[in-house]
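Numbering (the working numbering), first residue to last: 37 to 501.
See the structure below:
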C-alpha cells in the first residue's frame with residue numbers, strides 16, 4: 037500500500053538536516069512538513085463524498101480523515117486533554133494547483149473521554165465547493181501535539197451536472213444530527229447531518245443511517261415516482277436481502293429532495309453488504325441507480341470516531357463563489373470564472389479581498405474598464421492601497437493610457453519595490469513611452485528577483501537591440 041511505502045521511506049530518512057520538501061514532495065503543493073514531523077507518520081483511514089447542496093445549489097467535496105493514533109497534551113486548569121490539528125488541502129489538475137487552503141482544528145475534551153478517543157479515534161471533517169473536472173485531492177493532516185502527520189490522497193471526478201432527474205448518494209453513517217438549513221456543515225444536506233465513520237463498519241447494535249437526494253425533481257415525478265432501496269448480503273450461502281420503497285409524494289415539492297432513512301443493523305446478519313438505490317419514474321422505468329457498500333460485524337457494539345467539523349454561515353455564501361471563481365480561473369475557464377467572480381462580487385461588493393481578486397482577474401481577462409470600476413472599491417482602504425494602484429495601473433496600461441498608468445504603477449512601486457508584477461508592468465509602460473533605459477532598469481530588477489521569466493528575458497533582448 038502507498039502509505040506503507042511512504043512510511044518506510046520516511047523512517048529511512050535522516051533525522052536531521054532534511055529538506056522540508058522531502059516529506060511534502062509527494063504532495064506536490066506548497067504545504068510544509070518540518071523535519072520534526074518526518075518520523076511521526078501515522079496511518080489513517082478516510083472517505084470522501086461529492087454532494088450537491090440543495091440550499092446553495094453548489095456541489096461540495098466532503099471528506100473525513102481519521103488518524104489511527106492521536107497524541108494529546110494535558111490542559112490542567114480544566115482537567116482536559118487537547119490536541120491541535122491542521123489540514124492543508126490541495127486540488128490539482130496534473131501539476132497545476134487548482135485550489136488550496138488550510139484550516140485549524142484545536143480540540144479539547146475531558147480526561148474521562150480519553151479511553152473512548154484511544155479506542156475509536158478522532159475524525160476531522162471538512163468540505164469545499166468544487167467545479168466540474170478530474171482532479172487529484174491531497175489532504176495533509178498534522179497534529180502539533182507530538183508532531184504527527186497523516187495523508188489522504190485520492191483522484192476525484194466531478195461529472196457535468198445533470199439536468200434530468202437523478203440521484204445523489206447514497207451516503208452512509210451511524211446516526212443523524214439536526215442543524216439549521218442556513219449553516220453549511222460537512223456531510224449535511226438541508227437540516228440533516230450524517231455522522232459518518234469512513235470504515236462504514238457497523239455492529240449489531242447500530243442504526244445504519246442512509247441519506248440520499250433526488251435531483252431535478254419534477255411535479256410529475258414527485259406525484260408518481262419512488263425510490264427503491266435494496267440491501268443485499270454478498271455471501272454465497274443464503275445471503276440476506278432487504279428492500280423497501282420510499283414514495284416521493286410523501287415529501288413536499290423541492291427541486292432537490294433530501295431523503296433520510298435508517299435501518300437496524302440487528303436485522304442483518306454479519307456480512308459484507310451492498311446497498312442500491314433506484315429512482316423509478318411513473319411508468320416503472322429506472323431513471324437512475326446508485327450504490328455503496330458496508331460491513332456488519334457480529335459484535336453487539338463498536339466504537340466510532342468522534343467527528344469534528346466547523347460550521348459555515350451561508351450568509352457568507354459569496355466566499356464559496358470566490359472559491360469556484362479561483363478554481364475556474366486556474367483551469368483557464370475564463371467565462372465561468374467571470375460569472376462566479378461577478379456573482380460573488382455582487383453579493384458583497386464591500387468584501388475588499390474579493391475586490392482585489394476580481395480586479396486582478398478582470399485585468400488578465402482584458403476587461404480593463406470593469407477593473408477600474410472594481411478598483412474604486414479600494415480607493416479609501418488604507419490596507420489595500422498597493423492593490424488599488426497596481427490594478428488601476430495595469431488597467432490603464434491595457435487601455436493604452438501609459439502616462440496615467442505610469443503614475444499609478446510608480447505609486448505601487450514606492451510602497452513595495454520588490455514585486456515582479458509591478459516591475460514588469462513598469463518596464464512595459466516605460467518601453468511604450470520610448471523610455472528604454474528606465475524600461476531596462478525595471479525589467480532587469482524583476483529578473484534579479486526571479487530569473488525564470490522567459491517572456492521578460494525576451495523583452496529585454498528586444499529593447500536592447
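The beta carbon of each residue, even a glycine, is placed where N, CA and C say it ideally should be.
Remember, predicted model here, so these are calculated numbers, not experimental data.
Give the single residue among 315, 472, 86 whose Cα lies nearest to the Cα of residue 193.
For this step, residue 193 is matched to residue 157 along the chain shown. Cα-wise, what sits closest to residue 193 is 86.
Tell me whether the stretch 235-247 and the stretch 330-337 touch, counting them as touching only if at least three CB pairs, one residue from each stretch, are closer than 8 Å.
Yes, since at least three Cβ pairs between the stretch 235-247 and the stretch 330-337 fall closer than 8 Å, the two stretches touch.
Counting only the same chain and skipping the five closest in sequence on each side, list residues whose C-beta sits under 6 Å from that of residue 96.
Counting from one through the chain shown, the residue named residue 96 turns up at place 60. For residue 96, where only same-chain residues beyond five positions count, the Cβ hits under 6 Å are 87, 89, 163, 165.
Note down the Cα distance separating residue 476 from residue 461, rounded to an integer number of angstroms.
Mapped onto the chain shown, residue 476 falls at position 440. Mapped onto the chain shown, residue 461 falls at position 425. Their backbone Cα atoms lie some 12 Å apart in a straight line.
Who are the Cβ neighbours of residue 65 in its own chain at under 8 Å, not counting the five residues just before and after it?
In the chain shown, residue 65 corresponds to position 29, counting from 1. Annotation note: pLDDT 34 at residue 65 (below 50); position unreliable, no value reported.
Helix, strand or coil for residue 131 per DSSP?
Taking the first residue of the chain shown as 1, we reach residue 131 at position 95. Three-state result, residue 131: coil.
Taking the alpha carbon of residue 98 as the reference point, which residue from 117, 347, 222, 226 has its own alpha carbon closest?
Here residue 98 refers to the residue found at position 62 when the chain shown is read from its first residue. Residue 222 is the option with its Cα nearest to residue 98.
State the Cα-Cα distance for the pair residue 355 and residue 209, rounded to the nearest angstrom.
Numbered from 1 along the chain shown, position 319 holds the residue referred to as residue 355. Numbered from 1 along the chain shown, position 173 holds the residue referred to as residue 209. So the alpha carbons of these two residues sit roughly 29 Å apart.
Between the C-alpha atoms of residue 294 and residue 247, what's the straight-line distance to the nearest angstrom?
Mapped onto the chain shown, residue 294 falls at position 258. Mapped onto the chain shown, residue 247 falls at position 211. Near 7 Å, if we compare the C-alpha coordinates of residue 247 and residue 294.
What beta strand (DSSP E) runs, 3 residues minimum, are completely inside the stretch 321-396?
Whole beta strand (DSSP E) segments, 3+ residues: 322-332, 342-344.
Along the chain, where does the alpha helix (DSSP H) containing residue 424 start, and where does it finish?
Position 388 of the chain shown, counted from the start, is the residue given in the question as residue 424. Element bounds for residue 424: 421-434.
Whole angstroms is fine: what's the gap from residue 436's alpha carbon to residue 176's?
Position 400 of the chain shown, counted from the first residue, corresponds to residue 436. Position 140 of the chain shown, counted from the first residue, corresponds to residue 176. Their Cα atoms are separated by approximately 46 Å.
Quick one: is residue 498 buried, meaning 16 or more other Cβ sit within 10 Å of its Cβ, or exposed?
Sequence index remark: in the chain shown, residue 498 carries index 462 (1-based). Answer is exposed; the Cβ neighbour count stays below 16.
Would you please state the rounded distance, in angstroms, between the beta carbons of residue 414 and residue 388? I believe it to be under 8 Å.
As a first step, residue 414 must be located in the chain shown, where it is residue number 378. As a first step, residue 388 must be located in the chain shown, where it is residue number 352. That pair is a contact at about 6 Å.
Can at least three beta-carbon pairs, one atom from the stretch 312-322 and one from the stretch 185-200, be found at a separation below 8 Å?
Cβ pair count under 8 Å is below three, so no.
Could you tell me which whole alpha helix (DSSP H) segments of length 4 or greater appear in the stretch 133-219?
Whole alpha helix (DSSP H) segments, 4+ residues: 150-156.
Checking 7 Å against the spacing of the C-beta atoms, do residue 311 and residue 267 come in under that value?
One-based indexing of the chain shown puts residue 311 at position 275. One-based indexing of the chain shown puts residue 267 at position 231. Going by C-beta atoms, residue 311 is nearer than 7 Å to residue 267.
Verify the CB distance criterion: does residue 73 have a CB-CB separation below 7 Å to chain D?
Any reference to chain D falls outside this structure, which holds one protein chain only.
Could you check what DSSP says for residue 308 in three-state terms: helix, strand or coil?
One-based indexing of the chain shown puts residue 308 at position 272. Residue 308: strand per DSSP, three-state reduction.
Give me the Cβ distance between residue 182 and residue 104, rounded to the nearest whole Å; I'm assuming they're in contact under 8 Å.
Start at 1 with the first residue of the chain shown, and residue 182 comes out as number 146. Start at 1 with the first residue of the chain shown, and residue 104 comes out as number 68. So it is not a contact: roughly 13 Å between Cβ atoms.
Could you please give the first and the last residue of the uninterrupted beta strand (DSSP E) stretch that includes residue 269?
Working through the chain shown from its first residue, we reach residue 269 at position 233. Counting along the chain, the beta strand (DSSP E) containing residue 269 begins and ends at 262-269.
Who does residue 80 pair with in a DSSP beta bridge?
Position 44 of the chain shown, counting from 1, holds the residue named residue 80. Per DSSP, 103.
Cβ atoms of residue 262 and residue 298: under 7 Å apart, would you say?
As a position in the chain shown, residue 298 is number 262, starting the count at 1. As a position in the chain shown, residue 262 is number 226, starting the count at 1. In this structure, residue 262 does not lie closer than 7 Å to residue 298 by Cβ.
What are the boundary residues of the alpha helix (DSSP H) that includes residue 405?
Taking the chain shown and counting its residues from 1, the one referred to as residue 405 is at position 369. Run containing residue 405: 404-411, per the alpha helix (DSSP H) assignment.
With a CB to CB cut of under 6 Å and the five nearest residues on each side skipped, what residues in its chain are close to residue 358?
Residue numbering aside, residue 358 sits at position 322 when the chain shown is read from its first letter. 380, 390, listed in sequence order.
Which whole-angstrom value is the C-beta distance of residue 468 and residue 438, which I expect to be below 8 Å?
Indexing the chain shown from 1 puts residue 468 at position 432. Indexing the chain shown from 1 puts residue 438 at position 402. Confirmed, Cβ separation roughly 5 Å.
Scan the stretch 437-470 and note each continuous alpha helix (DSSP H) run of 4 residues or more that stays entirely inside, going in chain order.
As far as the stretch 437-470 is concerned, its whole alpha helix (DSSP H) runs of at least 4 residues are 438-451, 456-468.
Under the three-state reduction of DSSP, which class applies to residue 487: helix, strand or coil?
Numbered from its first residue, the chain shown carries residue 487 at position 451. Residue 487 falls in the coil class under three-state DSSP.
Please return the same chain residues whose Cβ sits closer than 6 Å to the Cβ of residue 342, not counting the five positions on each side in sequence.
Translated into positions along the chain shown, residue 342 becomes position 306. Excluding positions up to five away in sequence, the list reads 158.
Taking 7 Å as the limit between beta carbons, can you name the residues of its chain near residue 428, skipping five residues before and five after?
Position 392 of the chain shown, counting from 1, holds the residue named residue 428. Cβ within range, chain order: 408, 411, 444.
Taking the DSSP output, what are the residues bridged to residue 294?
By one-based count along the chain shown, residue 294 stands at place 258. Residue 294 is bridged to 249.
So which of 289, 301, 285 has the shortest CA-CA distance to residue 245?
Here residue 245 refers to the residue found at position 209 of the chain shown. With distances taken between Cα atoms, residue 245 lies closest to 301.
So, for residue 500: in the same chain, excluding its five sequence neighbours on each side, which residues have a beta-carbon less than 6 Å away from its beta-carbon?
What you label residue 500 is simply residue 464 of the chain shown in a count that begins at 1. Around residue 500: no qualifying Cβ.
What is the rounded straight-line gap between the Cα of residue 482 and the Cα of residue 446?
Against the chain shown, residue 482 aligns to sequence position 446. Against the chain shown, residue 446 aligns to sequence position 410. When rounded, the distance between both Cα atoms is 14 Å.
When you compare only the Cα positions, how much space is there between residue 184 and residue 101?
Residue mapping note: residue 184 aligns to position 148 of the chain shown, counting from 1. Residue mapping note: residue 101 aligns to position 65 of the chain shown, counting from 1. Their backbone Cα atoms lie some 14 Å apart in a straight line.
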